[in-house]
């Protein structure tokens, strides 16, 4: 018997040969590259209108309000992604984000910064963050469905690399644009990124196809059924140690590191380090640059099976970035710390998402990915209590010792739960490329990307055009 040839390693740009993935990726870049503008403009506006004695608390409240929406809708969004057409769900959430963020921009431009304006800002922020909480797990569930097992790690890394390529430009531009145009105008510019993503998603031919067994089992509608779907996802996560502890380490990483370095990071750089908003642009770009480099390396070496080792390595690098970022508070340390934070977060998140995509069936994938976004919501929600403590103790007193404690906690968990490091994503052989080439041109177009993988995972579902 002849030996089985080793699986071909996917090329760096192989997922880009699929039209559906190109459109999904382009829409993601257009929408997400505007997020830093929203984040920085929000902080700058709050600093402008909030009283000095509660300024740090109010900045922390931005993250908490975002977190409330993400916690409230993170798991619910995952359940929706496992029940409805995922492309259409993305279009709905991006439309909601466009409208709510445009209203925030109008309020910033026309309002006086009163208590009513601040309340409107926070209310609309909850709406926008709720849409983002549904968008995230839905998008992460689409990528493996379009690409199939072999190309999924490359596709996830390309998603991260593309976003990190655009984000440094957006981060760099944020401070300069705020100084030139003002917070409201910058927020309005960012809102149109969501509209652009809707238009790109409308060009996709992809439609979600679930197995017949899943379709038969998903009877019922309403909040009760959604809660049952969420409970089923939680039970599945608890039943598989690699899923449970991969989610736990990522949630802890985001919850302990993002509030001081992300939510309150601009406050640290401008108030403690003493940088202007224009200087902040140069400092913050190191985060995006580090993340982009890490993502490109992960794309190049997407064939590496030890995703658990990469997840653990990324967590430790991000924790070290927190230490460097705050010890001592200088512009050089802020730059180096941001670079490590970007490298660590990108490495951990890309590797963890690849592990979860491999370990989870299509019908459960949205709910499992929703757990990761739940962690992001917790990280955002921690901004207000952390801001209150920092307001009382000062950030320069709190953050340096906190960074060492966080490093010890995360390293200890990785050592105590080695299942995190043992996670593997094996290579898959090239999937039926010659068979696709033998099809007529019209059939090849249908079989590329989403259709080819859907037919393989759900053979009882036949595409009408192929009958």
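Numbering (my numbering), first residue to last: 1383 to 1849.
Every residue gets a Cβ at the ideal spot worked out from N, C-alpha and C, and that includes glycine.
| Reference residue 1627, options 1798, 1447 and 1643, closest by Cα | 1798
| said: Taking the alpha-carbon of residue 1768 as reference, which of 1661, 1719 and 1784 has the nearest alpha-carbon? | reply: When only C-alpha atoms are compared, the closest one is 1784.
| Cα-Cα separation, residue 1560 to residue 1671 | 21 angstroms
| query | Do the CB positions of residue 1850 and residue 1663 come within less than 8 angstroms of each other? | reply | An answer regarding residue 1850 cannot be provided, because it is not within the stretch 1383 to 1849 covered by the chain.
| Coarse secondary structure for residue 1685, derived from DSSP in three states | coil
| task | Can you say whether residue 1816 is buried or exposed, counting buried as having 16 or more other CB atoms within 10 angstroms of its CB? | result | Legend: pLDDT at residue 1816 = 33, less than 50; position of this residue unreliable, value from coordinates given subsequently. Exposed, by the Cβ-count rule.
| 4 or more residues per run - each alpha helix (DSSP H) lying fully within the stretch 1619-1706 | 1623-1640 and 1659-1682
| query | Got a sec? Which residues, its chain only, sit under 7 angstroms from residue 1535 by beta carbon, not counting five neighbours each side? | reply | 1684, 1736 and 1807
| query | Does DSSP put residue 1777 in a helix, a strand or coil? | reply | In this structure, DSSP gives residue 1777 a helical state, which the three-state scheme calls helix.
| task | For residue 1641, I'd like the list of residues in its chain whose CB is within less than 7 angstroms of its CB, leaving aside the five on either flank, ordered along the chain. | result | 1445, 1761, 1764, 1765 and 1768
| field | For residue 1727, the three-state DSSP class (helix, strand or coil) | value | helix
| query | Which whole-angstrom value describes the C-beta separation of residue 1523 and residue 1748, a residue pair presumed to lie in contact below a C-beta threshold of 8 angstroms? | reply | 4 angstroms
| query | How do the stretch 1536-1555 and the stretch 1675-1690 stand: do at least 3 beta-carbon pairs fall below 8 angstroms, yes or no? | reply | yes
| Own chain, CB closer than 6 angstroms to residue 1439, minus 5 neighbours either side, in chain order | 1769, 1770 and 1773
| query | What are the boundary residues of the alpha helix (DSSP H) that residue 1519 is part of? | reply | First-last of the alpha helix (DSSP H) with residue 1519: 1497-1563.
| task | Please report the Cβ distance between residue 1508 and residue 1451, rounded to the nearest whole angstrom; I am assuming they are in contact, meaning their Cβ atoms lie under 8 angstroms. | result | 4 angstroms
| field | Contact set for residue 1428: own chain, Cβ-Cβ below 7 angstroms, skip 5 residues either direction | value | Counting only Cβ-Cβ distances below 7 angstroms, and skipping sequence neighbours, we find 1440, 1441 and 1444.
| request: For residue 1758, name the three-state secondary structure that DSSP assigns. | output: helix
| Rounded Cβ spacing between residue 1473 and residue 1583 (contact assumed at less than 8 angstroms) | 5 angstroms
| In or out: residue 1397 buried (at least 16 other Cβ within 10 Å) or exposed? | buried
| Start and end of the alpha helix (DSSP H) containing residue 1492? | 1468-1492
| query | At what residues does the alpha helix (DSSP H) containing residue 1437 begin and finish? | reply | Residues 1437-1463.
| said: Using the three-state DSSP reduction, which class does residue 1418 fall into: helix, strand or coil? | reply: helix
| request: Could you tell me the distance, in whole angstroms, from the CA atom of residue 1729 to the CA atom of residue 1488? | output: 37 angstroms
| Within this structure, are the beta carbons of residue 1565 and residue 1423 separated by less than 8 angstroms? | Yes; because the gap between Cβ atoms is below 8 angstroms, this pair is in contact.
| query | Grouping DSSP H, G and I as helix and E and B as strand, with all else coil, what is residue 1808? | reply | Under the three-state reduction of DSSP output, residue 1808 falls in the coil class, being neither helix nor strand.
| query | So, residue 1459 versus residue 1515, is the Cβ gap smaller than 8 angstroms? | reply | yes
| said: Considering only their Cβ atoms, is the gap separating residue 1418 from residue 1571 smaller than 8 angstroms? | reply: no
| message | On the criterion of 16 or more Cβ atoms from any shown chain inside 10 Å, does residue 1796 qualify as buried, or is it exposed? | response | The residue is buried, with at least 16 neighbouring Cβ atoms inside 10 Å.
| message | Quick check on DSSP: helix, strand or coil for residue 1709? | response | coil
| task | Determine, using beta carbons only, whether residue 1463 and residue 1519 come nearer to each other than 8 angstroms. | result | yes
| field | Beta-carbon separation (whole angstroms), residue 1746 vs residue 1618, contact threshold 8 angstroms | value | Their Cβ separation, rounded to whole angstroms, is 6 angstroms, which keeps residue 1746 and residue 1618 in contact under 8 angstroms.
| message | I need the DSSP call for residue 1585, collapsed to helix, strand or coil. | response | coil
| Could you give the distance in angstroms between the alpha-carbon of residue 1707 and the alpha-carbon of residue 1477? | Cα to Cα, the separation comes out at about 36 angstroms.
| request: Check whether the Cβ of residue 1470 lies closer than 7 angstroms to any heavy atom of the ligand SAM, and answer yes or no. | output: You won't find the ligand SAM in this model; it holds no ligand whatsoever.
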